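J.: Sharing a structure here in structure tokens format.
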Amino acid sequence: MNHILRELDSFLSSLRPTFYSDLNSPLDDAELDKLEADYAIKLPNDLRALYKWKNGQKESCYASFVNNSVFLPLDQVLDTAAELTSMIGYDFEIDNWWNAHWLPIFQNGGGDSICYDLKGIFTGQKGQILEFWHADNDRNVIAPSLEAFFNKIVKYYATKQKEEFDEFFTVEKIPEYPKRFILT
Numbered sequence: 073m074n075h076i077l078r079e080l081d082s083f084l085s086s087l088r089p090t091f092y093s094d095l096n097s098p099l100d101d102a103e104l105d106k107l108e109a110d111y112a113i114k115l116p117n118d119l120r121a122l123y124k125w126k127n128g129q130k131e132s133c134y135a136s137f138v139n140n141s142v143f144l145p146l147d148q149v150l151d152t153a154a155e156l157t158s159m160i161g162y163d164f165e166i167d168n169w170w171n172a173h174w175l176p177i178f179q180n181g182g183g184d185s186i187c188y189d190l191k192g193i194f195t196g197q198k199g200q201i202l203e204f205w206h207a208d209n210d211r212n213v214i215a216p217s218l219e220a221f222f223n224k225i226v227k228y229y230a231t232k233q234k235e236e237f238d239e240f241f242t243v244e245k246i247p248e249y250p251k252r253f254i255l256t
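Residue numbers (this note's numbering): 73 to 256.
Here you go:
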């Protein structure tokens with residue numbers, strides 16, 4: 073994961089310098105450990121690596137990181153996950169409308185998220201990346217892992233010149249993905 077993040081860092085700093093300057097400073101191990109203790113969670117190594125690279129983007133930055141979504145700081149990810157989890161059985165009555173094992177690392181501002189799945193709901197693949205659209209009953213797994221997802225982001229940047237770049241690009245064409253699941 074670290075080599076992919078180094079490549080991404082290079083692309084973002086050269087292709088999107090203003091956006092790059094709006095990314096938050098990374099978290100260190102002590103800060104990550106404290107968040108894990110505060111939220112009673114153990115973050116997987118790839119997710120720790122991501123937040124040791126950058127801690128999301130500044131609150132004042134609305135530019136898209138990927139799939140028309142912003143990259144959330146880890147404390148906001150954990151707060152949002154806790155809030156959504158508290159709604160299970162009340163506002164969310166359908167199984168897996170929201171799941172306590174999902175972490176919304178990207179969000180579009182309209183209540184929709186791209187989530188890291190700690191447990192592997194639907195497929196058994198821990199660390200998969202899935203879409204949570206708050207008003208829709210589909211839960212699409214869009215990547216088998218955070219590394220595969222970020223690898224596609226890096227490949228996108230590798231094929232674009234600065235003048236061709238469109239911040240609203242979508243990660244697509246990961247072999248065998250998306251895997252579609254309809255909730256009833």
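For each residue, glycine too, the CB sits at the ideal point set by N, CA and C. Every value quoted in this text rests on a predicted model; they were computed, and no experiment measured them.
Using a Cβ-Cβ cut-off of 8 Å (strictly less than) and excluding sequence neighbours within five positions of I76, which residues of its own chain qualify?
T.: Contacts found: E219, F222, N223 and V226.
J.: Which residues in the same chain as T242 place their Cβ atom closer than 8 Å to its Cβ, once the five residues preceding and following it in sequence are excluded?
T.: V138, N139 and N140, listed in sequence order.
J.: In three-state terms, what does DSSP make of L86?
T.: One point to set straight first is that residue 86 is Ser, not Leu, in the sequence displayed. Helix.
J.: Alpha carbon to alpha carbon, how far is E165 from T90? Give it in angstroms, no decimals.
T.: C-alpha separation (whole angstroms): 42 Å.
J.: DSSP on L144, reduced to helix/strand/coil?
T.: DSSP places L144 in coil when its eight states are reduced to three.
J.: If I measure Cβ to Cβ from M41 and keep anything under 8 Å in the same chain, skipping five residues before and after, which residues do I get?
T.: Nothing can be reported for residue 41: it is not among the residues displayed for the chain, which extend from 73 to 256.
J.: Secondary structure at F240, three-state DSSP: helix, strand or coil?
T.: Of the three classes helix, strand and coil, the one that applies to F240 here is coil, per DSSP.
J.: Leaving out the 5 sequence neighbours to the left and right, which residues in its chain are closer than 8 Å to K114 when beta-carbon positions are compared?
T.: These residues qualify, in order along the chain: E108.
J.: Closest to K258 by CA distance: which of L80, R252, H173 and R78 is it?
T.: Here the chain has residues from 73 to 256 only, and residue 258 is not among them.
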